[in-house]
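Each protein sequence line maps, in turn, to chains A and B.
The first sequence begins at 4 in the numbering used here and counts up one residue at a time.
The second sequence begins at 748 in the numbering used here and counts up one residue at a time.
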Amino acid sequence: MDSLLSILIWLPILGGGAVLLIGNERSSTAKWASAVISVLVFILSINLFLDFDTSTSAMQFVEKMSWISQFNIFYHLGVDGISMPLIILTTFSTILVIIAGWEVIQNRVADYMAAFLMMEGIIIGVFSAMDSMLYYVFWEASLIPMLLIIGVWGGQNRVYAAIKFFLYTFLGSVFMLVSLIYMYNLGGSFAISDMHALPLTLVQQGWIFWAFFLAFAVKVPMFPVHTWLPDAHVQAPTGGSVILAAIMLKMGGYGFFRFSLPITPDASSYFAFVVIVLSLIAIVYIGFVALVQKDMKKLIAYSSISHMGFVTLGVFALFSIMKMDSSGELISIAGASIESAYLGLEGAMIQMVSHGFISAAMFLVVGVLYDRLHSREISTYGGVVNSMPKFTGFAVLFAMANAGLPGTSGFVGEFMVILGALQANFWYAFLAAMTLIVGAAYTLWMVKRVFWGPVINPEVSKLNDINAREFGILAVLAVAVLWMGIYPQPVIEVMHVSIANLLEQALTTKIPGML
Amino acid sequence: MMNFNFNVSELMFLMPELFLLAAISCILLFDLYVKKELKKFTYHLSQLALLITGLLAFNLIGESATIFSGTFVLDTLGSTFKVFIAGFSIIALVYSRHYLSVHGLLRNEYFILALMSILGMLVMVSGHSLLTLYLGLEIMSLSLYALIATARDRAFAIEAALKYFVLGAIASGLLLYGMSMIYGITGNLDIAQIASFASLASLEPQETLILNFGLVFLVIGVAFKLGAVPFHMWVPDVYQGSPTSVTMFLSTVPKIAAVALLVRLLIDGLSDFQQYWADLFMILAVLSIAVGSLVALTQVNIKRMLAYSTISHIGFVLLGFVTGVLEGYGSAIFYVFAYILMSLAAFGSIIVLNRSGFEADQISDFRGLSKHSPWFALIMLAVMLSMAGVPPFIGFYSKLFILQQVVSEGYVILAIIAVIFAVISAYYYLQIIKTMYFDDADKDIVVSAPIDLKVVLSINGALILIIGLMPGYWMNLSVSLF
Chain A
4 MDSLLSILIW LPILGGGAVL LIGNERSSTA KWASAVISVL VFILSINLFL
54 DFDTSTSAMQ FVEKMSWISQ FNIFYHLGVD GISMPLIILT TFSTILVIIA
104 GWEVIQNRVA DYMAAFLMME GIIIGVFSAM DSMLYYVFWE ASLIPMLLII
154 GVWGGQNRVY AAIKFFLYTF LGSVFMLVSL IYMYNLGGSF AISDMHALPL
204 TLVQQGWIFW AFFLAFAVKV PMFPVHTWLP DAHVQAPTGG SVILAAIMLK
254 MGGYGFFRFS LPITPDASSY FAFVVIVLSL IAIVYIGFVA LVQKDMKKLI
304 AYSSISHMGF VTLGVFALFS IMKMDSSGEL ISIAGASIES AYLGLEGAMI
354 QMVSHGFISA AMFLVVGVLY DRLHSREIST YGGVVNSMPK FTGFAVLFAM
404 ANAGLPGTSG FVGEFMVILG ALQANFWYAF LAAMTLIVGA AYTLWMVKRV
454 FWGPVINPEV SKLNDINARE FGILAVLAVA VLWMGIYPQP VIEVMHVSIA
504 NLLEQALTTK IPGML
Chain B
748 MMNFNFNVSE LMFLMPELFL LAAISCILLF DLYVKKELKK FTYHLSQLAL
798 LITGLLAFNL IGESATIFSG TFVLDTLGST FKVFIAGFSI IALVYSRHYL
848 SVHGLLRNEY FILALMSILG MLVMVSGHSL LTLYLGLEIM SLSLYALIAT
898 ARDRAFAIEA ALKYFVLGAI ASGLLLYGMS MIYGITGNLD IAQIASFASL
948 ASLEPQETLI LNFGLVFLVI GVAFKLGAVP FHMWVPDVYQ GSPTSVTMFL
998 STVPKIAAVA LLVRLLIDGL SDFQQYWADL FMILAVLSIA VGSLVALTQV
1048 NIKRMLAYST ISHIGFVLLG FVTGVLEGYG SAIFYVFAYI LMSLAAFGSI
1098 IVLNRSGFEA DQISDFRGLS KHSPWFALIM LAVMLSMAGV PPFIGFYSKL
1148 FILQQVVSEG YVILAIIAVI FAVISAYYYL QIIKTMYFDD ADKDIVVSAP
1198 IDLKVVLSIN GALILIIGLM PGYWMNLSVS LF
């Protein structure tokens, strides 16, 4: 199909509109309609995955139409190996949240489902837009459903969290808008590929780099602009937390791959040290912050920030591993092997996908407990295993994955990034590897306090174990986590050629006169 | 040298104005002499008159002529502006009628005064001499003063009318003073003659000085009519005090006429002095964006909040004129149209909430709207996000267009200031969304608006999204006007 990507974008958006029209009164119809649409979109995205040609880094499934002729803006879509896994992640997670909200959401059901469907379409748009203005439109539009999801279905302090979330990310992205316009005025095109080819001096690249950095760092989120995330996660309903952690954070990581590295390669190299330091602070310091949390969702939110630190570390460690010599050959710095550069970037990608699964699973685990006792406090629980043995099995598996146990997806990405970082600098790897201890500490300590030990709260002994719906969701995620952990090859294969191309772009100088 | 040549065939170019004037007279007589039960048709006749005026203006698009010895110009810009004035006025009158009837303010003079002010705007748009421009401005303004005072038993409305009148008279005085300076040095009222006199290359230093002196007053006059900081003092009080339907009218259609005044005086007349007036506009624009964004943060009255939001939008419009290139002017025009579309929908949403004995003008009146009336809450959501500049709504593209022009002329710092304040202003737009969606309703909101209001408001809301998805045509149109 020529317009498969458009269908993937617009089917959920228009479907969401239709679900809105079904109305909150007919909640059962709305739920079934949403489930059917999300499954349909997932099947179509699998179709996209199967037809994807892994031997080329060129954009595939390209669609191009003139959109705003005044500015040469095109409705231009396409996927490559970097966006492909993230699109699958999006369609997969959306099914999960729709099913996860099935009985839990009683208030304005149709609106809830519609918001997630529209969000799905918009985020697929972000990952497949090839025109920077189209990308920006989707990027900003994704804030609207999330604002409403947090604000309408959130917890006690939802208004503060929703508005903080919106303003933080909005502030980050307007500078990106100005730099996109700036580049348009230099090159006369908003096409991302033209921006990749645009020659820029180091000073220009520096400004553009920081404008992009602000937008993406807020989204990832990186230390010190991460403070919106714990608030947003704690207040958001379970489904909102899942989408936020599993997909929206990836928009930031994707931005580094698609914009920062290829458009401002010299500035990225120049400032890589700053980004690496911030990433390491996120990995280590935020890990310790997670250790002292009393609220389970907050703990997982901080652990998300810590894990996303691996993504930025893997991306920017590249510049300490390799450079391009005067003849245009890639050579390694300080005797590192060429493969280690790939390890960093591919590890970052794997980490994004894996974190998508694990954080979704962890938030769903908390959601299951919250639905029963309406508390996220760790101290409320204790000895949950006595009344919910099946559930505890899943919870422990996901906790192990979160701690980076070999055999789970959490291990693969982190290990690849650490290996890559080791080639760059021993201390990078040493500090990053600290997370294996800290991460294990906060995750397992939480598991100990929630699931093991004596039952203190009499409510806990009356808990019902998970039902078939909850079992199904967690089982699917468990399979995904284990599969990624044992056999990540298909995902690596999909992105490998695109990563190679990106590596080349990121190491080719753009400074006029040095070309 | 003012030989007044008159040719009957030239009247053809004057059709919209002539028709509207005749229609106003007939409607006035109709309203005086018909029986009471037929009086409700005054409204329909007014709408019909506006529709025909708009069509006549549309018919003239593409024609270009300067008639009546250069005092009246017909060009694409003028005709297009007239079509938009008529179109937006039709929407405004649909919204107005509901408000007026639930509050017992429905008197037919309202429509006649509105038509009269529209006639003034049409004259302004086509004015090609200082005299015609001033004549149009006064026809418009005097009708607007009276329009505010139609709510004669409301103290706030009388205060607003008086305030607007006094300050408006001062502004007109300043504008006239500037015009007299220009006339004094050029010896001409005709814009084309002024333009040919005021070419920098051939001017003596003293002449430049005097023209500059006059120019400052022209800019003040225009800035006052637009409501740019620091000539904005009247805006919040007049917006809050006027009946909501008049506030809506004031904040929308006359802005087109004010922009036309700016175009005629400064771009057509004193284009060689662009560097001088652009510097003035830059200060006005930055101040307007800053003050409009910051002061609105603390408002609880939604009309007052929208007044400050208007001020900051006007700042963006002025940024478009700062650029000094035709595309930049086009971006300003696009912004004005987008702003009016959004403003109409915002006031329409306020008016929908009004019912007999209940004046909705507080932000808290929107509380829980999304539960009681999800459709109108959705429209207001789109309007607020659009005003904040969030895609995919039209407000984003208007900001994008302005920013692109500003950056391409090298004012990157201006663009950065503008976007920072745009983020700040997003906070108060989000407050409305919060009130509608996140707060629980403490009282039942009943939407009892008539069907025509609901339909027009729905179309208006939909346009904010649809033009947002396909803005290309309107951007090209705005640029093609220059």
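Ideal Cβ positions, reconstructed from N, Cα and C, are used throughout, including at glycine.
Across which residues does DSSP place residue i in a beta bridge pair?
i, result
"D197(A)", "DSSP output for D197(A) lists no bridge partner at all."
"E521(A)", "Past the edges of chain A, shown from 4 to 518, lies residue 521(A), and the structure says nothing about it."
"E66(A)", "L80(A)"
"K326(A)", "I334(A)"
"S876(B)", "D937(B)"
"D134(A)", "A194(A)"
"Q1109(B)", "N1048(B)"
"L821(B)", "A812(B)"
"I1102(B)", "Looking at the sequence itself, residue 1102(B) is Arg, so the reference to Ile does not match. F1105(B), per the DSSP bridge assignment."
"I71(A)", "I76(A)"
Could you give the distance in angstroms between the alpha-carbon of residue i and the alpha-carbon of residue j?
i, j, result
"I195(A)", "A165(A)", "31 Å"
"A1092(B)", "V356(A)", "43 Å"
"M748(B)", "Q940(B)", "Residue placement at M748(B) cannot be trusted, given a pLDDT of 47 that sits under 50; the coordinates are not used to answer."
"G1136(B)", "F978(B)", "25 Å"
"A918(B)", "P1001(B)", "15 Å"
"L1013(B)", "L1132(B)", "33 Å"
"M1222(B)", "R379(A)", "51 Å"
"S1225(B)", "G191(A)", "20 Å"
"L1216(B)", "M365(A)", "37 Å"
"A220(A)", "G312(A)", "10 Å"
"Y881(B)", "S836(B)", "22 Å"
"V140(A)", "Y78(A)", "11 Å"
"F1185(B)", "R1114(B)", "8 Å"
"G317(A)", "P268(A)", "15 Å"
"H499(A)", "M325(A)", "17 Å"
"F276(A)", "I147(A)", "34 Å"
"I421(A)", "L1044(B)", "47 Å"
"W213(A)", "L11(A)", "32 Å"
"A907(B)", "M995(B)", "14 Å"
"I1080(B)", "L792(B)", "30 Å"
Of the residues the options, which one's Cα is nearest the Cα of residue i?
i, options, result
"G359(A)", "T172(A), F401(A), R379(A) and V318(A)", "F401(A)"
"L722(B)", "D984(B), I938(B), I1180(B) and T999(B)", "With chain B covering only 748 through 1229, there is no way to say anything about residue 722(B)."
"I865(B)", "L878(B), E757(B), M887(B) and Y846(B)", "M887(B)"
"T512(A)", "T204(A), G19(A) and V177(A)", "T204(A)"
"M122(A)", "H377(A), S135(A), N110(A) and T94(A)", "T94(A)"
"S176(A)", "V415(A), F215(A), M325(A) and G243(A)", "F215(A)"
"A509(A)", "F259(A), L376(A), I246(A) and G386(A)", "F259(A)"
"A839(B)", "P1218(B), G1219(B) and V1203(B)", "V1203(B)"
ask   = Would you say the segment 1043–1051 of chain B touches the segment 1098–1114 of chain B, given that touching needs at least three Cβ pairs under 8 Å?
value = yes
Cβ pair count under 8 Å reaching 3, the segment 199–206 of chain A against the segment 278–296 of chain A = no
request  = Could you run through the segment 1152–1168 of chain B and flag, in chain order, every residue whose CB is less than 7 Å away from some CB of chain A?
outcome  = V1154, S1155, V1159, A1162, I1163 and V1166
Short-range partners of chain B found in the segment 159–177 of chain A, where Cβ spacing is below 9 Å = R161, V162, A165, I166, F169, L170, F173, L174 and V177
task = Give, in chain order, every residue of the segment 116–140 of chain A whose Cβ lies closer than 8 Å to some Cβ of chain B.
result = M136, Y139 and V140
request  = Would you list, in chain order, the members of the segment 1167–1183 of chain B that have their beta-carbon closer than 7 Å to a beta-carbon of chain A?
outcome  = A1169, V1170, A1173, Y1174, L1177 and K1181
inquiry  = Check whether the segment 46–58 of chain A and the segment 153–172 of chain A are in contact - that is, three or more C-beta pairs closer than 8 Å.
reply    = no
inquiry  = Does the segment 1007–1023 of chain B come into contact with the segment 965–974 of chain B, if we say contact requires no fewer than three beta-carbon pairs (one atom in each stretch) closer than 8 Å?
reply    = yes
request  = For the segment 61–74 of chain A, enumerate the residues whose C-beta is nearer than 9 Å to any C-beta of chain B, in chain order.
outcome  = S69, W70, I71, S72, Q73 and F74
inquiry  = Pairs of beta-carbons, one from the segment 1062–1071 of chain B and one from the segment 1173–1187 of chain B, closer than 8 Å: are there three or more?
reply    = no
query = Going along the segment 1118–1147 of chain B in order, which residues come within less than 7 Å of chain A, judged by CB to CB distance?
reply = L1132, V1137, P1138 and P1139
query = Should the segment 819–831 of chain B be regarded as contacting the segment 788–808 of chain B, the criterion being three or more beta carbon pairs within less than 8 Å?
reply = yes
request  = Below 8 Å between beta carbons is the criterion; list the residues of the segment 943–969 of chain B that meet it against any residue of chain A, in chain order.
outcome  = none
key: chain A contacts made by the segment 1213–1224 of chain B, where a contact means CB separation under 7 Å   = P1218, G1219, M1222 and N1223
message = At a CB distance below 8 Å, what residues from the segment 144–155 of chain A approach chain B? Give them in sequence order.
response = A144, L146, I147, L150, L151, G154 and V155
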